[in-house]
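Visitor: Please read through the structure below; I'll follow up with questions.
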Amino acid sequence: MREFGTPVTLDEMETLGRAAIAALPQAFREQLGDVVFAVEDFADEETLRELGMGNPFELTGVYEGHALTERSIEMSGTLPTRIRLFRRPILDEWAERGDETLEHLVRHVVIHEIGHHFGLSDDDMHALEDMADR
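Quick note on numbering: the numbering used here labels position 31 of the sequence shown as 41, and the sequence is numbered without any gaps.
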């Protein structure tokens, strides 16, 4: 019989997210620079409002900042670029899907948000995820 433990904590999910970042090709990791990475249970109301979302379970992660392709010197003094993952929506999606590991789903969300940092298309994000899966 399969044993079921407790749900992953915020710290454990952060560890999964950092492992996904560590699995990226070095050229991508080097370009992340000072991007702040954090895991929270849910997005705050302001973030949901800004994205036009009413249900906090719809948002698994968010990239906050300007893509490298859009940056300029005039942006100095702005808030730090950050990637936030949201534990409860990720756990909910993982349970609903039932067809992949939590590690793979977290990696998918992390890579998607990192893709925004690089200004990548969805196809490019999928290619990056394939590289990280090797």
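Glycine residues also receive a C-beta, built at the ideal position from the N, C-alpha and C atoms.
As the structure is a computational prediction, the values presented were derived from the model and not from experiment.
Quick check: the Cα distance between Thr-91 and Arg-12, rounded to an integer number of angstroms?
Guide: Against the sequence shown, residue 91 aligns to sequence position 81. Against the sequence shown, residue 12 aligns to sequence position 2. Going from the Cα of Thr-91 to the Cα of Arg-12 covers about 41 Å.
Visitor: Please classify Pro-99: is it buried, with 16 or more other beta-carbons within 10 angstroms of its beta-carbon, or exposed?
Guide: Stepping through the sequence shown from its first residue, residue 99 is reached at position 89. Under this definition Pro-99 is a buried residue.
Visitor: Which of helix, strand or coil does DSSP assign to Val-45?
Guide: The count along the sequence shown starts at 1 and reaches residue 45 at position 35. Note: Val-45 maps to coil in three-state DSSP.
Visitor: Here's the rule: buried if 16 or more other CB atoms are within 10 angstroms of the residue's CB, otherwise exposed. What is Leu-20?
Guide: Stepping through the sequence shown from its first residue, residue 20 is reached at position 10. Classification for Leu-20: exposed.
Visitor: Where DSSP assigns a beta bridge to Ile-100, which residues make up the other side?
Guide: Position 90 of the sequence shown, counted from the start, is the residue given in the question as residue 100. DSSP lists no partner for Ile-100.
Visitor: Using a Cβ-Cβ cut-off of 6 Å (strictly less than) and excluding sequence neighbours within five positions of Glu-123, which residues of its own chain qualify?
Guide: Translated into positions along the sequence shown, residue 123 becomes position 113. Cβ within range, chain order: Gly-71, Tyr-73 and Ile-93.
Visitor: What three-state label does DSSP hand Val-72 in the structure shown?
Guide: Mapped onto the sequence shown, residue 72 falls at position 62. In this structure, Val-72 counts as strand in the three-state DSSP scheme.
Visitor: Grab me the residues of Pro-35's own chain with a C-beta within less than 7 Å of its C-beta, minus the 5 sequence neighbours each way, in chain order.
Guide: For the purposes of this step, residue 35 is identified with residue 25 of the sequence shown, where counting begins at 1. So the list reads Met-141, once near-sequence residues are dropped.
Visitor: Are Val-120 and Ile-31 touching if we call contact CB-CB under 8 Å?
Guide: Taking the sequence shown and counting its residues from 1, one reaches residue 120 at position 110. Taking the sequence shown and counting its residues from 1, one reaches residue 31 at position 21. Yes, they are a contact pair.
Visitor: Under 8 Å by Cβ, that's how I've got His-126 and Glu-139 pegged, so tell me the actual separation to the nearest angstrom.
Guide: Position 116 of the sequence shown, counting from 1, holds the residue named residue 126. Position 129 of the sequence shown, counting from 1, holds the residue named residue 139. Going by Cβ atoms, the distance from His-126 to Glu-139 rounds to 14 Å, so no, they are not a contact pair.
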